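What follows is a set of notes on a single structure, which appears directly below.
There are 2 protein chains.
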Amino acid sequence: MTRRDRAASPWIPRVAAGRLSRYLRYLEELEARGEATTSSKQLGDALGVTAAQVRKDLGYFGQFGFPGLGYKISQLIPDIRRILGMERTWSVALVGIGNLGNALGRYKGFHAHGFRLSALFDANPRIVGRSVEGLKVHGTDQLERVIRDKGIELAIIAVPAAAAQAVAEQLVRAGIRGIYNFAPVRLSLPPEVAYVSIDLAVELEQLAFLVSQRDRDGLEGQDSGA
Amino acid sequence: MTRRDRAASPWIPRVAAGRLSRYLRYLEELEARGEATTSSKQLGDALGVTAAQVRKDLGYFGQFGFPGLGYKISQLIPDIRRILGMERTWSVALVGIGNLGNALGRYKGFHAHGFRLSALFDANPRIVGRSVEGLKVHGTDQLERVIRDKGIELAIIAVPAAAAQAVAEQLVRAGIRGIYNFAPVRLSLPPEVAYVSIDLAVELEQLAFLVSQRDRDGLEGQDSGA
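As structure tokens, then:
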């Protein structure tokens, strides 16, 4: 398979895309340590999947290891970044500057991975006008105008559950193309808007489940989340 | 299948357990609205899976709908809670009271779902002694003693990446049985310790991937995360 074929960017299942993000993190770790190559086995061991699964995941976009050599890290990293849409910087709006929103506004990991928080919004007049990491908080009445003016494509929702659907609809009207929702509620969105949600309590519940299952079945073995 | 058989608590795949948490949230919504029954189709539509998948997931623990009647919500909720290990309250320690840890310490969703934050820890002497929601922050030098004294089983790690592995090892020595990790780093843990992790930037990267994929392939259709 040639480079040209790979550029065709095939459809990749969401679950495989999740693993690609995690391969990428691990490859960046390896590169920082000065490693030049890796193998399906090493990648699989690091993420808790089989070498066959790694080969299949990387095969979606035509990355094949060489017997006895493995993968070139310097080639695999930009290939995965391109497949994930991370060869560019994304502007992100954050709505809801309460405790969680404030923490997300200061979270260093977003910037480190090619995201730029470009606008903050809150409905509370006591929060509007404050600054988080040098960025001023706008009122939600400014949301559509600011997002259009800045050409922002992604938005994080960190408002209370009761307010989330209305905020989502405002974001959709503003032309937002993807929503990352922290409010513990299902949002109803048009199909053209991409959607990722995290319910922090659901993840903790999953941990309780894993501990309970160990109790009941004497089960062992690590199970990595998210 | 009798009630007794169901009490045997079969092994349930992790991905199915994730859906059980989300069925539970939706069932609680339905119950709050005064509904008495639901169907595989309704549950599936709400979560974006097929009715057959719902039947399979609930079948793991012997819950079968009745033709024309569906499932009794008042029976399904406690059954799912029991399977998830949520028929009890879990005590949780939180390590790292920076921006994110502070937000997690105030997050109402944990308490609402049967978790009790019972101890807070930080390594920074300027943070030790502060209170978050009435709970005092201990120094990490007190971690093992406090966790043992209080019989805490679950812990949330919200420290910087560079400190996370050492904190995890301290938690393991203290007898913690499950770790919920927000530090963007893979932790190496003994197999008897359950593990769930969230990398907030990885999830945002997944959103960027979904938007990019729509660009490239004209793909439509919602894809819910985590």
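Those sequence lines, one after another, are chains W and L.
Reading the first sequence from the start, the letters are residues 1 to 226 in our numbering.
Reading the second sequence from the start, the letters are residues 1 to 226 in our numbering.
Even glycine gets a Cβ: it sits at the ideal position worked out from N, Cα and C.
Since the structure is predicted, the reported quantities are computational estimates derived from the model, not experimental observations.
Residue i (DSSP reduced to helix, strand or coil)
{"i": "Ser21 of chain W", "result": "helix"}
{"i": "Thr50 of chain W", "result": "coil"}
{"i": "Ile179 of chain L", "result": "strand"}
{"i": "Met1 of chain W", "result": "Any reading at Met1 of chain W needs caution, since the residue's pLDDT is 36, under 50, leaving its predicted position unreliable; the model's value is listed next. In this structure, Met1 of chain W counts as coil in the three-state DSSP scheme."}
{"i": "Ser40 of chain L", "result": "helix"}
{"i": "Arg126 of chain L", "result": "coil"}
{"i": "Arg116 of chain L", "result": "strand"}
{"i": "Gly105 of chain W", "result": "helix"}
{"i": "Gly70 of chain L", "result": "strand"}
{"i": "Ser224 of chain W", "result": "No answer about Ser224 of chain W holds up, because its pLDDT of 41 lies below 50 and its placement is not dependable."}
{"i": "Arg14 of chain L", "result": "helix"}
{"i": "Ala8 of chain W", "result": "Any answer about Ala8 of chain W is weak, because its pLDDT of 44 lies below 50 and its placement is not dependable; what the coordinates show is given next. If DSSP states are grouped into helix, strand and coil, Ala8 of chain W belongs with coil."}
Limits of the unbroken alpha helix (DSSP H) element including residue i
{"i": "Arg186 of chain W", "result": "Per DSSP, Arg186 of chain W belongs to no alpha helix (DSSP H) and is neither H nor E."}
{"i": "Phe110 of chain L", "result": "108 to 112"}
{"i": "Val172 of chain L", "result": "161 to 173"}
{"i": "Ile266 of chain W", "result": "Because chain W here runs from 1 to 226, residue 266 of chain W falls outside it and cannot be looked at."}
First through last residue of the beta strand (DSSP E) which encompasses residue i
{"i": "Pro82 of chain L", "result": "In the sequence as presented, Pro is not what sits at residue 82 of chain L; that position holds Arg. No beta strand (DSSP E) holds Arg82 of chain L; the alpha helix (DSSP H) holding it covers 73 to 83."}
{"i": "Ala155 of chain L", "result": "154 to 157"}
{"i": "Leu94 of chain L", "result": "90 to 95"}
{"i": "Leu267 of chain L", "result": "Because chain L in this structure spans residues 1 to 226, residue 267 of chain L falls outside the shown range and cannot be described."}
Proximity test, residue i beta-carbon vs the ligand ADP heavy atom, cut-off 8 Å
{"i": "Phe66 of chain L", "result": "You won't find the ligand ADP in this model; it holds no ligand whatsoever."}
Quiz item: Below 8 Å, can you find three or more Cβ-Cβ pairs linking the stretch 130 to 139 of chain W to the stretch 124 to 138 of chain L?
Solution: Segments in contact, no.
Exercise. Residues of the stretch 169 to 187 of chain L with a CB closer than 8 Å to any CB of chain W: list them in chain order, please.
Key: Residues Arg177, Gly178, Ile179, Tyr180, Pro184, Arg186.
Quiz item: Given a limit of 9 Å on CB to CB distance, which residues of the stretch 201 to 214 of chain L reach chain W?
Solution: Cβ contacts with chain W come from Ala201, Val202, Glu203, Leu204, Glu205, Gln206, Leu207, Ala208, Phe209, Leu210, Val211, Ser212, Gln213, Arg214.
Quiz item: What are the start and end residues of each continuous alpha helix (DSSP H) run of 4 or more residues lying completely inside the stretch 194 to 218 of chain L, in chain order?
Solution: Counting only runs of 4 or more, we get 200 to 217.
Quiz item: Going along the stretch 43 to 71 of chain L in order, which residues come within less than 9 Å of chain W, judged by CB to CB distance?
Solution: Answer in chain order: Ala46, Leu47.
Quiz item: Contact between the stretch 69 to 77 of chain W and the stretch 99 to 113 of chain W: three or more CB pairs below 8 Å?
Solution: At 8 Å Cβ cutoff, the stretches do not touch.
Self-check item: Three CB pairs or more closer than 8 Å across the stretch 144 to 158 of chain W and the stretch 176 to 185 of chain W
Solution: Here the stretch 144 to 158 of chain W lies against the stretch 176 to 185 of chain W, with 3 or more beta-carbon pairs under 8 Å apart.
Quiz item: Any contact of the stretch 41 to 60 of chain W with the stretch 162 to 177 of chain L, i.e. 3+ C-beta pairs under 8 Å?
Solution: Proximity of the stretch 41 to 60 of chain W to the stretch 162 to 177 of chain L falls short of the contact definition, fewer than three beta-carbon pairs being nearer than 8 Å.
Quiz item: According to a CB-to-CB cut-off of less than 8 Å, which residues of the stretch 154 to 169 of chain W neighbour chain L?
Solution: Answer in chain order: Leu154, Ile156.
Exercise. Answer yes if the stretch 116 to 125 of chain W comes into contact with the stretch 185 to 205 of chain W, meaning at least three C-beta pairs across the two stretches below 8 Å, and no otherwise.
Key: The stretch 185 to 205 of chain W vs the stretch 116 to 125 of chain W: no contact.
Quiz prompt | Short-range partners of chain L found in the stretch 119 to 141 of chain W, where Cβ spacing is below 9 Å | solution = In summary, no residue of the stretch 119 to 141 of chain W has a CB separated from any CB of chain L by less than 9 Å.
Quiz item: Going along the stretch 70 to 95 of chain W in order, which residues come within less than 8 Å of chain L, judged by CB to CB distance?
Solution: Those residues of the stretch 70 to 95 of chain W that come within reach of chain L (Cβ to Cβ, closer than 8 Å) are Ile83, Leu84, Gly85, Met86, Trp90, Val92.
Quiz prompt | Contacting positions in the stretch 18 to 42 of chain L - beta carbon closer than 9 Å to chain W | solution = Sequence-ordered contacts of the stretch 18 to 42 of chain L with chain W read Gly18, Leu20, Ser21, Arg22, Leu24, Arg25, Tyr26, Glu29 [C-beta pairs closer than 9 Å].
Quiz item: When Cβ atoms are compared, which residues of the stretch 189 to 201 of chain L fall closer than 9 Å to chain W?
Solution: Result list: Leu189, Pro190, Pro191, Glu192, Val193, Ala194, Tyr195, Val196, Ser197, Ile198, Asp199, Leu200, Ala201.
Practice problem: Examine the Cβ distances between the stretch 77 to 94 of chain L and the stretch 106 to 117 of chain L and report whether three or more of them are shorter than 8 Å. | Solution: As far as the Cβ criterion goes, the stretch 77 to 94 of chain L touches the stretch 106 to 117 of chain L, which means the pair count is three or higher.
Quiz item: Does the stretch 161 to 171 of chain W touch the stretch 11 to 30 of chain L, meaning 3 or more C-beta pairs lie closer than 8 Å?
Solution: No, the stretch 11 to 30 of chain L does not touch the stretch 161 to 171 of chain W.
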